[in-house]
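Numbering (my numbering), first residue to last: 6 to 263.
What follows is one structure encoded as C-alpha coordinates, with my remarks underneath.
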Amino acid sequence: MGNIDRSLECYFVMTAGVFGAILIIIAAIITPNYSPLTNTISELGYFQYKTLFSIAMVIIGNSMIPFFFKLERELTSIEESLRIIATAAAVFTAICISLVGVIPDLEYLNQFLLFHALVAVIAFGGSSIYILLYSRLIQKAIAMPSYKGPPFRRFLSYFGYSIFIVFILLMILFIPIIEWLMFILIVVWNVATAYYLSKYKFSGLAGLYYTKDQFPEMLNHFTESLEILKSLNLEDSPEAESLKNNISFLKDALNNNK
6 MGNIDRSLEC YFVMTAGVFG AILIIIAAII TPNYSPLTNT ISELGYFQYK TLFSIAMVII
66 GNSMIPFFFK LERELTSIEE SLRIIATAAA VFTAICISLV GVIPDLEYLN QFLLFHALVA
126 VIAFGGSSIY ILLYSRLIQK AIAMPSYKGP PFRRFLSYFG YSIFIVFILL MILFIPIIEW
186 LMFILIVVWN VATAYYLSKY KFSGLAGLYY TKDQFPEMLN HFTESLEILK SLNLEDSPEA
246 ESLKNNISFL KDALNNNK
(Lines of atoms letter the chains of each structure in order from A; the text may use other names.)
(Lines give C-alpha, C1' and ligand atoms only; values in the text may rest on other atoms or scores of the structure.)
Protein backbone atom coordinates (compact mmCIF):
# COMPACT_ATOMS: atom_id res chain seq x y z
CA MET A 6 0.00 0.00 0.00
CA GLY A 7 1.45 3.39 -0.97
CA ASN A 8 1.87 6.43 1.24
CA ILE A 9 -1.03 8.18 -0.49
CA ASP A 10 -3.36 5.24 0.20
CA ARG A 11 -2.31 5.15 3.85
CA SER A 12 -2.83 8.90 4.21
CA LEU A 13 -6.16 9.12 2.38
CA GLU A 14 -8.07 10.13 5.52
CA CYS A 15 -5.57 12.93 6.12
CA TYR A 16 -5.80 14.33 2.61
CA PHE A 17 -9.58 14.04 2.77
CA VAL A 18 -9.90 16.07 5.98
CA MET A 19 -7.34 18.65 4.81
CA THR A 20 -9.15 19.17 1.50
CA ALA A 21 -12.59 19.20 3.10
CA GLY A 22 -11.49 21.59 5.84
CA VAL A 23 -9.99 24.13 3.46
CA PHE A 24 -12.80 23.79 0.90
CA GLY A 25 -15.51 24.02 3.57
CA ALA A 26 -13.93 27.07 5.18
CA ILE A 27 -13.67 28.77 1.78
CA LEU A 28 -17.34 28.07 1.06
CA ILE A 29 -18.40 29.59 4.38
CA ILE A 30 -16.21 32.66 3.89
CA ILE A 31 -17.60 33.12 0.38
CA ALA A 32 -21.15 32.81 1.73
CA ALA A 33 -20.38 35.46 4.36
CA ILE A 34 -18.88 37.83 1.77
CA ILE A 35 -21.66 37.60 -0.82
CA THR A 36 -24.59 37.55 1.61
CA PRO A 37 -26.24 41.00 1.74
CA ASN A 38 -26.28 42.70 5.15
CA TYR A 39 -24.16 39.99 6.74
CA SER A 40 -21.13 40.86 8.87
CA PRO A 41 -18.93 38.55 10.99
CA LEU A 42 -18.77 41.39 13.51
CA THR A 43 -22.49 41.22 14.23
CA ASN A 44 -23.69 37.88 12.81
CA THR A 45 -22.82 34.36 13.95
CA ILE A 46 -21.74 31.65 11.53
CA SER A 47 -24.99 29.77 12.10
CA GLU A 48 -26.98 32.74 10.82
CA LEU A 49 -25.65 31.98 7.35
CA GLY A 50 -28.12 29.09 7.38
CA TYR A 51 -31.01 31.57 7.31
CA PHE A 52 -29.75 33.87 4.57
CA GLN A 53 -29.83 33.72 0.77
CA TYR A 54 -26.79 31.47 0.36
CA LYS A 55 -27.66 28.97 3.07
CA THR A 56 -26.94 26.09 0.66
CA LEU A 57 -23.22 26.98 0.66
CA PHE A 58 -23.22 26.95 4.45
CA SER A 59 -25.02 23.61 4.54
CA ILE A 60 -22.68 21.95 2.04
CA ALA A 61 -19.62 23.22 3.91
CA MET A 62 -20.71 21.92 7.32
CA VAL A 63 -21.73 18.51 5.97
CA ILE A 64 -18.44 18.11 4.09
CA ILE A 65 -16.32 19.17 7.07
CA GLY A 66 -18.21 16.98 9.54
CA ASN A 67 -18.23 13.84 7.40
CA SER A 68 -14.54 14.13 6.53
CA MET A 69 -13.56 14.25 10.19
CA ILE A 70 -14.96 10.85 11.21
CA PRO A 71 -12.52 8.54 9.33
CA PHE A 72 -9.68 10.93 10.15
CA PHE A 73 -10.25 10.66 13.90
CA PHE A 74 -10.25 6.87 13.75
CA LYS A 75 -6.90 7.05 11.97
CA LEU A 76 -5.50 9.54 14.48
CA GLU A 77 -6.69 7.32 17.31
CA ARG A 78 -4.81 4.33 15.87
CA GLU A 79 -1.57 6.32 15.74
CA LEU A 80 -1.69 7.43 19.38
CA THR A 81 -1.65 4.00 21.01
CA SER A 82 0.39 2.93 24.05
CA ILE A 83 0.24 6.43 25.57
CA GLU A 84 -2.87 6.72 27.76
CA GLU A 85 -5.64 4.41 26.58
CA SER A 86 -8.53 5.88 28.58
CA LEU A 87 -7.72 9.40 27.38
CA ARG A 88 -7.41 8.17 23.78
CA ILE A 89 -10.81 6.45 23.90
CA ILE A 90 -12.55 9.48 25.42
CA ALA A 91 -10.92 11.85 22.91
CA THR A 92 -11.98 9.72 19.95
CA ALA A 93 -15.55 9.27 21.20
CA ALA A 94 -15.86 13.03 21.75
CA ALA A 95 -14.35 13.75 18.32
CA VAL A 96 -16.64 11.40 16.39
CA PHE A 97 -19.77 12.62 18.21
CA THR A 98 -18.71 16.21 17.56
CA ALA A 99 -18.15 15.48 13.86
CA ILE A 100 -21.69 14.13 13.59
CA CYS A 101 -23.06 17.27 15.24
CA ILE A 102 -21.03 19.48 12.88
CA SER A 103 -22.69 17.72 9.94
CA LEU A 104 -26.10 18.26 11.56
CA VAL A 105 -25.38 21.98 11.88
CA GLY A 106 -25.64 22.02 8.09
CA VAL A 107 -29.28 20.92 8.11
CA ILE A 108 -31.30 23.61 6.30
CA PRO A 109 -34.09 25.17 8.43
CA ASP A 110 -37.64 23.92 8.00
CA LEU A 111 -39.79 27.04 8.34
CA GLU A 112 -42.87 24.95 9.12
CA TYR A 113 -41.26 23.72 12.35
CA LEU A 114 -39.02 26.71 12.99
CA ASN A 115 -39.18 26.72 16.80
CA GLN A 116 -38.28 23.03 17.04
CA PHE A 117 -35.53 23.51 14.50
CA LEU A 118 -34.05 26.45 16.41
CA LEU A 119 -33.77 24.30 19.54
CA PHE A 120 -32.20 21.46 17.56
CA HIS A 121 -29.77 23.77 15.79
CA ALA A 122 -28.75 25.51 19.00
CA LEU A 123 -28.00 22.13 20.61
CA VAL A 124 -25.85 20.75 17.78
CA ALA A 125 -24.09 24.11 17.32
CA VAL A 126 -23.09 24.26 21.00
CA ILE A 127 -21.88 20.65 20.83
CA ALA A 128 -19.98 21.41 17.61
CA PHE A 129 -17.95 24.17 19.26
CA GLY A 130 -17.81 22.72 22.77
CA GLY A 131 -17.05 19.22 21.55
CA SER A 132 -14.34 20.51 19.23
CA SER A 133 -12.63 22.35 22.06
CA ILE A 134 -12.78 19.21 24.23
CA TYR A 135 -11.45 16.70 21.69
CA ILE A 136 -8.72 19.12 20.61
CA LEU A 137 -7.75 19.60 24.26
CA LEU A 138 -7.60 15.84 24.86
CA TYR A 139 -5.73 15.05 21.65
CA SER A 140 -3.30 17.88 22.37
CA ARG A 141 -2.58 16.31 25.74
CA LEU A 142 -2.01 12.93 24.08
CA ILE A 143 0.32 14.46 21.51
CA GLN A 144 2.27 16.25 24.23
CA LYS A 145 2.64 13.04 26.24
CA ALA A 146 3.65 11.11 23.10
CA ILE A 147 6.39 13.59 22.19
CA ALA A 148 7.78 13.32 25.73
CA MET A 149 8.03 9.51 25.53
CA PRO A 150 11.51 8.23 24.51
CA SER A 151 9.94 5.10 23.00
CA TYR A 152 7.45 7.03 20.85
CA LYS A 153 7.82 6.09 17.17
CA GLY A 154 4.60 7.56 15.83
CA PRO A 155 3.79 10.57 13.61
CA PRO A 156 6.25 13.50 13.83
CA PHE A 157 3.91 15.89 15.64
CA ARG A 158 5.36 19.19 16.83
CA ARG A 159 5.03 20.52 20.37
CA PHE A 160 3.42 23.74 19.18
CA LEU A 161 0.43 21.67 18.00
CA SER A 162 -0.37 20.85 21.63
CA TYR A 163 0.00 24.47 22.74
CA PHE A 164 -2.16 25.55 19.81
CA GLY A 165 -4.83 23.07 20.94
CA TYR A 166 -4.74 24.42 24.49
CA SER A 167 -5.18 27.97 23.19
CA ILE A 168 -8.28 26.89 21.24
CA PHE A 169 -9.86 25.70 24.48
CA ILE A 170 -9.14 29.11 26.03
CA VAL A 171 -10.81 30.84 23.06
CA PHE A 172 -13.87 28.62 23.60
CA ILE A 173 -14.07 29.73 27.24
CA LEU A 174 -13.95 33.35 26.07
CA LEU A 175 -16.69 32.61 23.55
CA MET A 176 -18.93 31.16 26.27
CA ILE A 177 -18.33 34.19 28.49
CA LEU A 178 -18.60 36.98 25.92
CA PHE A 179 -20.54 35.32 23.09
CA ILE A 180 -19.25 37.76 20.48
CA PRO A 181 -19.76 36.67 16.83
CA ILE A 182 -16.21 37.53 15.79
CA ILE A 183 -14.86 35.21 18.51
CA GLU A 184 -17.08 32.44 17.14
CA TRP A 185 -15.57 33.06 13.71
CA LEU A 186 -12.09 32.95 15.22
CA MET A 187 -12.97 29.69 16.97
CA PHE A 188 -14.19 28.16 13.70
CA ILE A 189 -11.00 29.12 11.84
CA LEU A 190 -8.78 27.83 14.65
CA ILE A 191 -10.57 24.47 14.72
CA VAL A 192 -10.16 24.03 10.96
CA VAL A 193 -6.48 25.03 11.14
CA TRP A 194 -5.80 22.58 13.99
CA ASN A 195 -7.47 19.71 12.12
CA VAL A 196 -5.61 20.50 8.90
CA ALA A 197 -2.25 20.88 10.69
CA THR A 198 -2.72 17.63 12.60
CA ALA A 199 -3.72 15.82 9.41
CA TYR A 200 -0.64 17.23 7.66
CA TYR A 201 1.77 15.87 10.28
CA LEU A 202 -0.08 12.57 10.36
CA SER A 203 0.18 12.27 6.56
CA LYS A 204 3.96 12.76 6.80
CA TYR A 205 4.30 9.66 8.96
CA LYS A 206 6.26 7.27 6.74
CA PHE A 207 5.23 4.13 8.59
CA SER A 208 1.58 4.98 9.15
CA GLY A 209 -0.69 1.97 9.49
CA LEU A 210 1.93 -0.64 10.46
CA ALA A 211 0.76 -3.40 12.73
CA GLY A 212 3.67 -3.29 15.17
CA LEU A 213 2.37 -0.19 16.91
CA TYR A 214 -1.05 -1.65 17.66
CA TYR A 215 -0.34 -4.86 19.57
CA THR A 216 -0.84 -5.09 23.32
CA LYS A 217 2.25 -5.12 25.51
CA ASP A 218 1.77 -8.82 26.26
CA GLN A 219 2.13 -9.55 22.55
CA PHE A 220 5.34 -7.53 22.10
CA PRO A 221 7.80 -10.46 22.58
CA GLU A 222 5.90 -12.70 20.16
CA MET A 223 5.59 -9.98 17.53
CA LEU A 224 9.25 -9.03 17.92
CA ASN A 225 10.20 -12.59 16.97
CA HIS A 226 7.73 -12.54 14.11
CA PHE A 227 9.06 -9.27 12.65
CA THR A 228 12.68 -10.38 13.12
CA GLU A 229 12.04 -13.62 11.25
CA SER A 230 10.29 -11.72 8.46
CA LEU A 231 13.22 -9.35 8.15
CA GLU A 232 15.65 -12.27 7.90
CA ILE A 233 13.60 -13.71 5.05
CA LEU A 234 13.79 -10.40 3.17
CA LYS A 235 17.55 -10.27 3.75
CA SER A 236 17.93 -13.75 2.28
CA LEU A 237 16.12 -12.50 -0.82
CA ASN A 238 18.41 -9.44 -1.07
CA LEU A 239 15.50 -7.14 -0.20
CA GLU A 240 17.08 -5.59 2.87
CA ASP A 241 16.67 -2.05 1.48
CA SER A 242 13.07 -2.49 0.33
CA PRO A 243 10.22 -0.40 1.86
CA GLU A 244 8.88 -3.56 3.49
CA ALA A 245 12.23 -4.19 5.19
CA GLU A 246 12.39 -0.59 6.40
CA SER A 247 8.91 -0.97 7.85
CA LEU A 248 9.93 -4.14 9.68
CA LYS A 249 13.04 -2.43 11.05
CA ASN A 250 10.89 0.39 12.38
CA ASN A 251 8.55 -2.08 14.08
CA ILE A 252 11.47 -4.02 15.56
CA SER A 253 13.03 -0.84 16.92
CA PHE A 254 9.73 0.24 18.47
CA LEU A 255 9.13 -3.12 20.12
CA LYS A 256 12.68 -3.38 21.46
CA ASP A 257 12.50 0.09 22.99
CA ALA A 258 9.11 -0.66 24.53
CA LEU A 259 10.34 -3.94 26.03
CA ASN A 260 13.50 -2.31 27.41
CA ASN A 261 11.47 0.47 29.03
CA ASN A 262 9.24 -2.10 30.73
CA LYS A 263 12.15 -3.85 32.44
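Positions of the beta carbon are idealized from the N, C-alpha and C atoms, including for glycine.
Nothing here was measured: the structure is a model prediction, and the numbers come from that model.
Which residue wins for smallest C-alpha separation from M62, given the options A94, A33, F72, G22? G22
Classify R159 as buried or exposed, calling it buried when 16 or more other Cβ atoms lie within 10 Å of its own Cβ. exposed
May I ask you to verify whether the segment 141 to 151 touches the segment 67 to 84, counting CB pairs closer than 8 Å and requiring at least 3? yes
Can you name, in chain order, every residue of its own chain whose Cβ lies under 8 Å from the Cβ of H121, other than the five neighbours on each side? S47, G50, V105, V107, P109
What distance in whole Å lies between the Cβ atoms of L161 and V171, which are believed to be in contact at a cut-off of 8 Å? The pair is not a contact, with the Cβ atoms about 16 Å apart (cut-off 8 Å).
Does the beta carbon of L259 come closer than 8 Å to any beta carbon on chain B? Note that chain B does not occur in the displayed structure, where there is just one protein chain.
Between the Cα of L92 and the Cα atoms of C101, E77, F227, which residue gives the shortest distance? For the sequence presented, residue 92 should be read as Thr rather than Leu. Per the Cα distances, E77.
Are A26 and V192 close, meaning C-beta to C-beta below 8 Å? yes
Report buried or exposed for N195, applying the criterion of at least 16 other Cβ atoms within 10 angstroms of its Cβ. buried
Ignore the nearest five residues each way along the sequence and tell me which others in F73's own chain have a CB closer than 8 Å to its CB. T92, A95, V96, A99, Y135
Per-residue burial, P155 [other beta carbons within 10 Å of its own, 16 or more giving buried]: buried
By the 10 Å Cβ neighbour count, where 16 or more other Cβ atoms means buried, how is L174 classified, buried or exposed? exposed
Thinking C-alpha only, which one of D241, S242, K249, Y54 is nearest T228? K249
With H, G and I counted as helix, E and B as strand and the rest as coil, what does DSSP make of I180? coil
Can L255 and L224 be called in contact, C-beta distance under 8 Å? yes
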